[in-house]
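This report refers to the structure that appears directly beneath it.
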Amino acid sequence: MHVFLFVCVEMGFARKEYEFLSEIGLSSRNLGCYVDGTWKANGPVVTSVNPSNNQAIAEVVEGSIEDYEEGMRACSEAAKIWMQASLFFLAVPAPKRGEIVRQIGDALRTKLQQLGRLVSLEMGKILPEGIGEVQEIIDMCDFSVGLSRQLNGSVIPSERPNHAMLEMWNPLGIVGVITAFNFPCAVLGWNACIALVCGNCVVWKGAPTTSLITIAMTRLVAEVLEKNNLPPAIFTSFCGGADIGQALAKDTRIPLVSFTGSSKVGLMVQQIVNQRFGKCLLELSGNNAIIVMDDANIQLAVRSVMFAAVGTAGQRCTTCRRLLLHESIYQRVLDQLLDVYKQVKIGDPLEKGTLLGPLHTSESRKSFEKGIEIIKSQACCIFHLSTVGGKIITGGSVIESEGNFVQPTIVEISPNADVVKEELFAPVLYVMKFQTLQEAIEINNSVPQGLSSSIFTRQPGVIFKWIGPQGSDCGIVNVNIPTNGAEIGGAFGGEKATGGGREAGSDSWKQYMRRSTCTINYGNELPLAQGINFG
Numbered sequence: 017m018h019v020f021l022f023v024c025v026e027m028g029f030a031r032k033e034y035e036f037l038s039e040i041g042l043s044s045r046n047l048g049c050y051v052d053g054t055w056k057a058n059g060p061v062v063t064s065v066n067p068s069n070n071q072a073i074a075e076v077v078e079g080s081i082e083d084y085e086e087g088m089r090a091c092s093e094a095a096k097i098w099m100q101a102s103l104f105f106l107a108v109p110a111p112k113r114g115e116i117v118r119q120i121g122d123a124l125r126t127k128l129q130q131l132g133r134l135v136s137l138e139m140g141k142i143l144p145e146g147i148g149e150v151q152e153i154i155d156m157c158d159f160s161v162g163l164s165r166q167l168n169g170s171v172i173p174s175e176r177p178n179h180a181m182l183e184m185w186n187p188l189g190i191v192g193v194i195t196a197f198n199f200p201c202a203v204l205g206w207n208a209c210i211a212l213v214c215g216n217c218v219v220w221k222g223a224p225t226t227s228l229i230t231i232a233m234t235r236l237v238a239e240v241l242e243k244n245n246l247p248p249a250i251f252t253s254f255c256g257g258a259d260i261g262q263a264l265a266k267d268t269r270i271p272l273v274s275f276t277g278s279s280k281v282g283l284m285v286q287q288i289v290n291q292r293f294g295k296c297l298l299e300l301s302g303n304n305a306i307i308v309m310d311d312a313n314i315q316l317a318v319r320s321v322m323f324a325a326v327g328t329a330g331q332r333c334t335t336c337r338r339l340l341l342h343e344s345i346y347q348r349v350l351d352q353l354l355d356v357y358k359q360v361k362i363g364d365p366l367e368k369g370t371l372l373g374p375l376h377t378s379e380s381r382k383s384f385e386k387g388i389e390i391i392k393s394q395a396c397c398i399f400h401l402s403t404v405g406g407k408i409i410t411g412g413s414v415i416e417s418e419g420n421f422v423q424p425t426i427v428e429i430s431p432n433a434d435v436v437k438e439e440l441f442a443p444v445l446y447v448m449k450f451q452t453l454q455e456a457i458e459i460n461n462s463v464p465q466g467l468s469s470s471i472f473t474r475q476p477g478v479i480f481k482w483i484g485p486q487g488s489d490c491g492i493v494n495v496n497i498p499t500n501g502a503e504i505g506g507a508f509g510g511e512k513a514t515g516g517g518r519e520a521g522s523d524s525w526k527q528y529m530r531r532s533t534c535t536i537n538y539g540n541e542l543p544l545a546q547g548i549n550f551g
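In structure tokens:
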């Protein structure tokens, strides 16, 4: 059977449309672990699959998971190497580290089209989004180069004569990064670019179903380190399953673990890391709402909702899952949205004009079907204090094909329905009415998650209430734009069950360093704070 599968992979990799993979260092069979400058792997062989047709792309040998003890010994030895490399890297001034990250950005530019195409091929998002994801890492490299000269601490006035107080920011040492399939390389960029300029080593565990992206990205970073005669263990990566993630979470040599995934798994990671007094940076589930007020630019709102709900086949953490429409414009907006949905081209994400690609895996398609069944079971909910019989008004079915395609779906349902409180990772949009701004805000804040939110209005008073303390409780609070498509200059993350982490821009860099408050006595006396006289 294995010989048959290997032949299938060889035949698949030989396809003309896969020729570009060799340009980014991939072959029909790839070792999935990069440790101290060496590609190695002793674990199971897995097959990377194209979600558009569920056919094999290439094979990846994962890190040893089956033999747990051997895997842990290898991880321990690697961690020692990472720490040595970390100590070496600390001796390199921050602007010089920024120069290394600049070179990584330039290397990404030379392979932008190939890497973007790989993201689309292996993950399933449309090609413009795949290229945009790689561009996001390039943007993070540019941002981090400037940041490398601005890792500033405060100078604080001391109440004691001949004393100086200041803050010192020092690297943590090693940062562990565990990423998800929906953004298989951008989230690495959010973390690694900043972690590197801050003086840390990076240990990356990519998503098991996007191993080729993990390998291609690692090859590119490794080439830059080698060209600059830097220790290769500054950047280490693993392809593998949950056991490698658990090893990273448990390892006391890794002070910070950044995890992107579901709230359920994120909570488990947080508990493991907290038990050893490590730090967690969590980017978890979203259940994002767009509110459309009665004075909104409806055409702008409809375009935004379509991108936010359908983009990436509903598999962004910032996907719009709830649409709140003022009752006076409810039907008008809904009719326009239905017209736009009819124009959505579904198909191969690499083909020009496609707007909706497949779900990432066959399991994702099954989850969609299960979610639709739950929606139907809750169809007759109390909707605005009267029984309306919530219903699926478009979509709601899988598309019979070799791939994992589903119909973009719109559902009328009560905001109080249990299913609305959960994140269904698919292009399913719940639509509901409201009468007042206060009611809309309460609905927005009524779910466990708190990632992204947006309101469409032209009223300054509404805008400032929305972004203020009595408004949205999310980490991302937008006005007249979608819930998704965040820029890297701002801190990305959310509240409540979204985890509270912040990555990318603003002052997110502080999470990758430790702060020391330093008081220096440059005189000959010993005055004490608060005027204490101790003999």
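Under this note's numbering, the sequence shown has 399 at position 383, and the numbering climbs by one with no breaks.
The C-beta atom is built at its ideal place from N, Cα and C for all residues, glycine as well.
- Comparing alpha carbon positions, the residue from E379, K526 and G277 closest to A196 is G277.
- Excluding the 5 residues flanking it on each side, R118 has same chain C-beta neighbours closer than 6 Å at V161, in chain order.
- The beta carbons of L440 and R133 sit about 29 Å from each other, so the pair does not count as a contact at 8 Å.
- Assigned with DSSP and collapsed to three states, Q546 falls in helix.
- Beta-carbon to beta-carbon, G79 and F254 are separated by about 5 Å, close enough to satisfy the 8 Å threshold.
- Within the region 161 to 229, the complete beta strand (DSSP E) segments at least 3 residues long are 179 to 187, 190 to 194 and 217 to 221, listed from N- to C-terminus.
- In the pairwise beta carbon analysis, the region 330 to 342 is classified as not touching the region 230 to 246: fewer than three pairs are separated by under 8 Å.
- Only residues of its own chain outside the window of five on either side were considered, and among them A72, I73, A74, E75, V76, E138, T225, T226, S227 and L228 have a CB closer than 8 Å to the CB of S64, listed in chain order.
- Along the length of the region 225 to 311, whole alpha helix (DSSP H) runs at least 4 residues long occupy 227 to 243, 258 to 266 and 279 to 291, reported in chain order.
- Between the alpha carbons of S44 and L37 lies a distance of about 9 Å.
- One Cα belongs to G363, the other to I314, and the distance between them is close to 28 Å.
- DSSP, reduced to helix, strand and coil, places E115 within a helical segment of the structure shown.
- About 7 Å separates the CB atoms of L340 and V308; that is less than 8 Å, so the two are in contact.
- A513 and L300 do touch by the CB rule: their CB atoms are close to 6 Å apart, below 8 Å.
- Three or more Cβ pairs closer than 8 Å define a contact, and the region 172 to 191 meets that threshold against the region 531 to 541.
- Runs of the alpha helix (DSSP H) spanning 4 or more residues and lying entirely within the region 305 to 373 occur at 314 to 326 and 346 to 358, in chain order.
- The residue from F421, P464, L353 and I120 with its alpha-carbon nearest to that of K280 is P464.
- The alpha-carbon of R518 is positioned some 26 Å away from that of L236.
- Y538 and R176 have their C-alpha atoms spaced approximately 11 Å apart.
- Taking 8 Å as the cut-off, the beta carbon of N460 is found closer than this to the beta carbon of A305.
- Apart from sequence neighbours up to five positions away, the residues of its chain that approach I390 with a beta-carbon distance below 8 Å are V435, ordered along the chain.
- For W482, the enclosing alpha helix (DSSP H) covers residues P476 to W482.
- The region 248 to 267 makes contact with the region 206 to 221, as at least three CB pairs between them are under 8 Å.
- R269 has its alpha-carbon roughly 35 Å from the corresponding atom of T126.
- Taking W55 as the centre and dropping the five residues before and after it, the same chain places the C-beta of L47 closer than 6 Å to its C-beta, in chain order.
- Taking C490 as the centre and dropping the five residues before and after it, the same chain places the C-beta of G466, L467, S468, S469, G510 and E511 closer than 7 Å to its C-beta, in chain order.
- By the neighbour-count criterion, in which a residue is buried when 16 or more other Cβ atoms sit within 10 angstroms of its Cβ, Q451 is exposed.
- Taking the Cα positions, M233 is about 27 Å away from Q166.
- In the structure shown, S532 falls within a strand segment according to DSSP collapsed to helix, strand and coil.
- In the structure shown, the three-state DSSP call for V65 is strand.
- The bridge partners DSSP lists for Y34 come to none.
- Here the alpha carbons of G169 and R474 stand approximately 40 Å from one another.
- Shown here for F323: same chain residues with a beta carbon closer than 6 Å to its own, the five before and five after excluded, namely P498 in chain order.
- Nearest to V213 by alpha-carbon distance, out of K368, A110, Q423 and K386, is A110.
- Excluding its 5 nearest sequence neighbours in each direction, K437 has C-beta neighbours in its own chain below 6 Å: V463, listed in chain order.
- Measuring C-alpha to C-alpha distances from N66 to each of A520, F421, N540 and V447 identifies F421 as the nearest.
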